[in-house]
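Data block below; observations after.
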Amino acid sequence: MVVSLSRRGDVEPFHAMDILAEANRLKAKGVPVVSMAVGQPSDPAPAGVRQAATHALKMGRIGYTDALGLSGLREAIAQHYADHYGLAVSPGRIAVTTGSSAAFNLAFLAMFDPGDRVAIAAPGYPAYRNIMAALGIEIVEIELNGDAYLHAEHLKAAHREKKLKGVLFASPANPTGAIIPADELSALVTTAQELGTAVISDEIYHRLAYA
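Going by this note's numbering, the sequence shown opens with residue 788, and the numbers climb by one from there.
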């Protein structure tokens, strides 16, 4: 009996992981490789994080957590937003996920239905497209055409063509590293609110700036 698979299997894969796998294969053979396949700092996780993980393992804390994540961690994340951005975010509104891709899956499922139009900048992070395509979301790629980042006018123009249900952006951006200035970011979010367009801010690279 031949088992048919979902059409979602036709979605283009996230090729960065293929490149990473090849780089790791070559490293295992002793080939000197400088891998730039995935966006992560070359430094290890902070010592405090590693110590906390080691302590948790020694204490045998390896079972299920609350569905939204450890309450203490969510409280710390809420405090981070208060300290660095002056925002009061309730820990009850915070969910801890196994990486950003899991967060995107949950956010897209919660906010959008198949056929909804969601805008992203081009160039942009390829996995946005992979996940949205698998969920049947219509991807609207806004070509920056030399601009460093997404502007409010870009959003208005795309919305005029046909209503946008959402917009997703990152600052600093992947792959360009461009940072949206505070005034431009405020204008972008305000415009989205006026258009009735949901905003997803990918903050994975926040506070990572090299000069």
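Cβ coordinates follow ideal geometry from the N, Cα and C atoms, glycine included.
{"Asked": "Identify the residues that DSSP records as bridge partners of Ala945: which are they?", "Found": "None; Ala945 has no bridge partner."}
{"Asked": "In terms of alpha-carbon separation, which member of Gly859, Tyr912, Leu922, Phe899 lies closest to Asp797?", "Found": "Leu922"}
{"Asked": "For the beta strand (DSSP E) that Arg848 lies in, which residues bound it at each end?", "Found": "Premise fails: Arg848 is in no beta strand (DSSP E) and is neither H nor E."}
{"Asked": "So for Ala906, helix, strand or coil by DSSP?", "Found": "strand"}
{"Asked": "Work out the CA separation of Gly859 and Phe1005 for me, nearest whole Å.", "Found": "Absent from the structure is residue 1005, since the part of the chain shown begins at 788 and ends at 998."}
{"Asked": "Does the separation of the CB atoms of Val821 and Leu813 fall below 7 Å?", "Found": "no"}
{"Asked": "How big is the Cα-Cα spacing for Ile924 and Leu896?", "Found": "10 Å"}
{"Asked": "Would you say Ala960 lies against chain B (beta-carbon separation less than 7 Å)?", "Found": "Checking the listed chains, one finds no chain B in this structure; it contains a single protein chain."}
{"Asked": "When you compare only the Cα positions, how much space is there between His993 and Pro959?", "Found": "7 Å"}
{"Asked": "Consult DSSP for Leu857 and reduce its assignment to one of helix, strand or coil.", "Found": "coil"}
{"Asked": "Return the chain-ordered ranges of every beta strand (DSSP E) run that is complete within the segment 933-985 and spans a minimum of 3 residues.", "Found": "953-957"}
{"Asked": "What are the start and end residues of the beta strand (DSSP E) that includes Glu930?", "Found": "925-930"}
{"Asked": "Report yes if the C-beta distance between Ala803 and Ala824 is below 7 Å; otherwise report no.", "Found": "yes"}
{"Asked": "Would you be able to state if there are at least three C-beta pairs under 8 Å between the segment 925-943 and the segment 874-884?", "Found": "no"}
{"Asked": "Just to check my reading of the structure: Asn917 and Glu799 have Cβ atoms closer than 8 Å, yes? What is that Cβ distance to the nearest angstrom?", "Found": "6 Å"}
{"Asked": "Glu971 to Gln980, Cα distance in whole Å?", "Found": "14 Å"}
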